[in-house]
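Residue 148 in numbering that gives the first Met the number 0 sits at position 149 of the sequence shown; the count goes up by one each step and never skips. We put the CB at the ideal spot given by N, CA and C, even for glycine. One structure is given here, and the rest of the page talks about it.
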Amino acid sequence: MRVTDKIAVLMVGLAVLAGSPATPAHAFDPAQVFAKEKPGSGAFLRFFFKARKEGQEEEAIDALKYAAEKGDHGAQWKLGKMYQTGDGVQVNHAEAFAIFNKIVQSYTEARPGSLDWQLSANAMVALGRYYLKGMPEAGIPRDLDQARIMFTTAASYFDHPDAQYELAMMYLDGDNPSGYGIQAARMLKSAADSGHVGAEARLGYMLFDGSILRRDPVRGLSMMFKAQRRATGDDAKWITDLQEEAFSIASEDERRAAIEMASLVPKQ
Numbered sequence: 000m001r002v003t004d005k006i007a008v009l010m011v012g013l014a015v016l017a018g019s020p021a022t023p024a025h026a027f028d029p030a031q032v033f034a035k036e037k038p039g040s041g042a043f044l045r046f047f048f049k050a051r052k053e054g055q056e057e058e059a060i061d062a063l064k065y066a067a068e069k070g071d072h073g074a075q076w077k078l079g080k081m082y083q084t085g086d087g088v089q090v091n092h093a094e095a096f097a098i099f100n101k102i103v104q105s106y107t108e109a110r111p112g113s114l115d116w117q118l119s120a121n122a123m124v125a126l127g128r129y130y131l132k133g134m135p136e137a138g139i140p141r142d143l144d145q146a147r148i149m150f151t152t153a154a155s156y157f158d159h160p161d162a163q164y165e166l167a168m169m170y171l172d173g174d175n176p177s178g179y180g181i182q183a184a185r186m187l188k189s190a191a192d193s194g195h196v197g198a199e200a201r202l203g204y205m206l207f208d209g210s211i212l213r214r215d216p217v218r219g220l221s222m223m224f225k226a227q228r229r230a231t232g233d234d235a236k237w238i239t240d241l242q243e244e245a246f247s248i249a250s251e252d253e254r255r256a257a258i259e260m261a262s263l264v265p266k267q
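Structure representation (structure tokens):
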């Protein structure tokens, strides 16, 4: 083919492209799908999980982002956790932090016992943990004062067991653990009563140790046994280590009595 012919073919091709609108690679528009329904978190999340199950990952995430932008707390929480863990998206702690912060901004509007109530508390705990450790690479400073504010609010206002546990550990790991020990024990007791396995183990150790609370080795060791039986995942190792440390220095009578006391509670 001559050069002039090649140029002519190229010009025709460009003319066709210029006169024809490009077909989008991804035409899903969540605004159209949900325009009439104005659904709550349940509808958005049902759509999200259904689309994921059918392999439509991009549509699922687009729907979730749309709902989150509209201020839906359920969608915001799910999207924030996805960015935090890399579930279907690239890990982005700065984005996760920003989303959790949006949820927290309206916590006073949440109705007690509602989904928004629970998610507001969860978001406060997530923010508190970010502040507690800090993540400079994501623009999140280590700020113990802010962490304490988040945990205190979630622990007292929302009665959130994770916040109560985190606040107790801040007291115990701080500069004056004996001065705040009673407050820490109260927080751990409240969290343990709500089923927090880590709080039960820590409170049990405090009772066994006796340096802050009145020593009750049998009850303390028994609580650690019970916590160990319920522990899963990352909690299982450190709770087992804590229990074995206490067991190794307990007297034979204390061990026997603690095992007997713990056996009265059925394994969950």
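Quick check: the segment 98 to 110 against the segment 133 to 146, are there 3 or more CB pairs under 8 Å? no
Determine contact between the segment 167 to 182 and the segment 217 to 227, defined as no fewer than three beta-carbon pairs at a distance below 8 Å. no
Which residues bound the alpha helix (DSSP H) around Ala249? Taking the sequence shown and counting its residues from 1, the one referred to as residue 249 is at position 250. First-last for Ala249: undefined, no H or E at that position.
Going by beta-carbon coordinates alone, are Ile238 and Met223 separated by less than 9 Å? Along the sequence shown, read from residue 1 onward, the residue named residue 238 stands at position 239. Along the sequence shown, read from residue 1 onward, the residue named residue 223 stands at position 224. Against a cut-off of 9 Å, the Cβ pair of Met223 and Ile238 comes out as a contact.
Within this structure, are the beta carbons of Gly79 and Glu94 separated by less than 9 Å? Here residue 79 corresponds to residue number 80 of the sequence shown, with the count starting at 1. Here residue 94 corresponds to residue number 95 of the sequence shown, with the count starting at 1. Yes, the Cβ-Cβ distance between Gly79 and Glu94 is below 9 Å.
Please classify Pro140: is it buried, with 16 or more other beta-carbons within 10 angstroms of its beta-carbon, or exposed? Numbered from its first residue, the sequence shown carries residue 140 at position 141. Counting Cβ neighbours within 10 Å, Pro140 comes out exposed, since fewer than 16 surround it.
State the start and end residues of the unbroken alpha helix (DSSP H) segment that holds Ala191. The count along the sequence shown starts at 1 and reaches residue 191 at position 192. From DSSP, the alpha helix (DSSP H) with Ala191 extends over 180 to 192.
Which residues mark the beginning and the end of the alpha helix (DSSP H) in which Glu57 is found? Position 58 of the sequence shown, counting from 1, holds the residue named residue 57. Start and end: 56 to 68.
Stretch pair the segment 155 to 170 + the segment 114 to 128: three plus CB contacts closer than 8 Å: yes
Restricting to Cα atoms, I'd like to know which of Leu44, Leu241, Phe246 is closest to Gln75. Your numbering for residue 75 matches position 76 in the sequence shown. Considering only alpha carbons, the answer is Leu44.
Look up Ile211 in the DSSP assignment and say whether it is helix, strand or coil. Position 212 of the sequence shown, counted from the first residue, corresponds to residue 211. Looking at Ile211 - three-state DSSP - the assignment turns out to be coil, as it is neither helix nor strand.
Given a cut-off of 9 Å, decide if Ala190 and Tyr164 are closer than it, judged by their beta-carbon atoms. Position 165 of the sequence shown, counted from the first residue, corresponds to residue 164. Position 191 of the sequence shown, counted from the first residue, corresponds to residue 190. Contact: yes.
Kindly indicate which residue of Lys101, Asp234, Ser193, Val90 has the alpha-carbon position closest to the one of Gly73. As a first step, residue 73 must be located in the sequence shown, where it is residue number 74. Per the Cα distances, Lys101.
Mark Phe46 as exposed unless 16 or more other C-beta atoms lie within 10 angstroms of its C-beta, in which case mark it buried. For the purposes of this step, residue 46 is taken as the residue at position 47 of the sequence shown. Classification of Phe46: buried, given that the 10 Å Cβ count is 16 or more.
What do you get for Ser210, buried or exposed, if any count of 16 or more other CB atoms within 10 angstroms of its CB means buried? Working through the sequence shown from its first residue, we reach residue 210 at position 211. Exposed, by the Cβ-count rule.
Using the C-alpha atoms, what's the distance from Gly138 back to Gly197? Translated into the one-based positions of the sequence shown, residue 197 becomes position 198. Translated into the one-based positions of the sequence shown, residue 138 becomes position 139. Computed Cα separation, rounded: 30 Å.
Between which residues of its own chain and Lys188 is the CB-CB distance below 7 Å, once the five residues before and five after are set aside? As a first step, residue 188 is located in the sequence shown; it is residue number 189 there, counting from the start. Around Lys188: Leu202.
Have a look at Lys225 and Glu58 and give me their C-alpha separation to the nearest angstrom. As a working note, residue 225 is residue 226 in the sequence shown. As a working note, residue 58 is residue 59 in the sequence shown. About 45 Å.
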